[in-house]
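Undergrad: For what it's worth, the numbering used here labels the leading residue of the sequence shown as 88, then goes sequentially.
The structure is given below, and queries will be raised subsequently.
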Amino acid sequence: MKLDVLHVLRSPGTQYPFSVEQTMAPLDISGQEVSFDPVKLEGTMMAGSDGSVTVDGSLSTVAHTSCANCLAPASGTIAGEFRETFLFEGDPEDDEIFAYTGSALDLEKLTLTYVLLNMPSRFLCREDCVFAYEDEDEDVMMLCQDDLNVQRPFAALQQLLAEKSDNAEN
Ligand SMILES: [Zn+2]
88 MKLDVLHVLR SPGTQYPFSV EQTMAPLDIS GQEVSFDPVK LEGTMMAGSD
138 GSVTVDGSLS TVAHTSCANC LAPASGTIAG EFRETFLFEG DPEDDEIFAY
188 TGSALDLEKL TLTYVLLNMP SRFLCREDCV FAYEDEDEDV MMLCQDDLNV
238 QRPFAALQQL LAEKSDNAEN
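See below:
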């Protein structure tokens, strides 16, 4: 999404409201695919006397992935506030700054940055899907395996028998 700032540049120091939607490609986060509804960004933009444009506002979207606890589909709202200054003809390769050329701001990098900043560490299918898991990903995996064994008692039995024969050999 490009945000046209021609009218903003003509009146440095004047705040103009904006409201746009930015689409976001799915992300792979720790092996989990997370997809996003179009991200809504709204706020104000203002040009400086040096040709920079400062955007100040909030963004929100809904992320879709799988539950960190039981792997069922899960989604959650991501919302946050941003304030960044886009430098005119700044280095687009410089990760530390936002830059623009011509008379439009590209909001893709800002959107990605602030969605990641406000991303929860895990998503759950429902609020009470939180039994007994620990903070480590390893523990989440172990819990899932335990759940599978409860649903497949013969697999659990096989595992017990395997352990017994291991012990017998020792
Ligand atoms: Zn769950």
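For glycine and all other residues, C-beta sits at the position ideal for the given N, C-alpha and C.
Candidates I165, H94, L158 and T188: which alpha carbon is nearest C212's?
TA: Position 125 of the sequence shown, counted from the first residue, corresponds to residue 212. The shortest Cα separation from C212 among I165, H94, L158 and T188 belongs to L158.
Undergrad: Is there at least one non-hydrogen atom of ligand 1 closer than 7 angstroms to the beta-carbon of A150?
TA: Here residue 150 refers to the residue found at position 63 when the sequence shown is read from its first residue. Because no heavy atom of ligand 1 lies under 7 angstroms away, the Cβ of A150 does not count as near it: no.
Undergrad: Please confirm whether any heavy atom of ligand 1 lies closer than 7 angstroms to the CB of L211.
TA: For the purposes of this step, residue 211 is taken as residue 124 along the sequence shown, with counting starting at 1. L211: yes, Cβ under 7 angstroms from ligand 1.
Undergrad: For E108 and D215, what's the separation of their Cα atoms in angstroms?
TA: In the sequence shown, residue 108 corresponds to position 21, counting from 1. In the sequence shown, residue 215 corresponds to position 128, counting from 1. Whole-angstrom Cα-Cα distance: 32 angstroms.
Undergrad: To the nearest angstrom, report how far apart F210 and M111 are at their CA atoms.
TA: What you label residue 210 is simply residue 123 of the sequence shown in a count that begins at 1. What you label residue 111 is simply residue 24 of the sequence shown in a count that begins at 1. Going by the C-alpha atoms only, they are around 18 angstroms apart.
Undergrad: Leaving out the 5 sequence neighbours to the left and right, which residues in its chain are closer than 6 angstroms to T148 when beta-carbon positions are compared?
TA: Walking along the sequence shown from the start, residue 148 turns up at place 61. F123, D124, V126 and I165.
Undergrad: Can G144 and P99 be called in contact, C-beta distance under 8 angstroms?
TA: As a working note, residue 144 is residue 57 in the sequence shown. As a working note, residue 99 is residue 12 in the sequence shown. It is not a contact, given that the beta carbons lie outside the stated cut-off.
Undergrad: Measuring CB to CB, does F173 end up less than 8 angstroms from L146?
TA: The sequence position of residue 173 within the sequence shown is 86, counting from 1. The sequence position of residue 146 within the sequence shown is 59, counting from 1. In this structure, L146 does not lie closer than 8 angstroms to F173 by Cβ.
Undergrad: Should A159 be listed as close to ligand 1, given that the test is whether its C-beta is under 7 angstroms from any heavy atom?
TA: Residue numbering aside, residue 159 sits at position 72 when the sequence shown is read from its first letter. Indeed, a heavy atom of ligand 1 lies less than 7 angstroms from the Cβ.
Undergrad: Since A191 contacts D91 with CB under 8 angstroms, what's their CB separation in whole angstroms?
TA: Taking the sequence shown and counting its residues from 1, one reaches residue 191 at position 104. Taking the sequence shown and counting its residues from 1, one reaches residue 91 at position 4. Between D91 and A191 the Cβ distance is about 5 angstroms, and since that is below 8 angstroms, they are a contact.
Undergrad: Buried or exposed: which applies to G130, given that a residue is buried once 16 or more other Cβ atoms fall within 10 Å of its Cβ?
TA: For the purposes of this step, residue 130 is taken as the residue at position 43 of the sequence shown. Buried is the call here.
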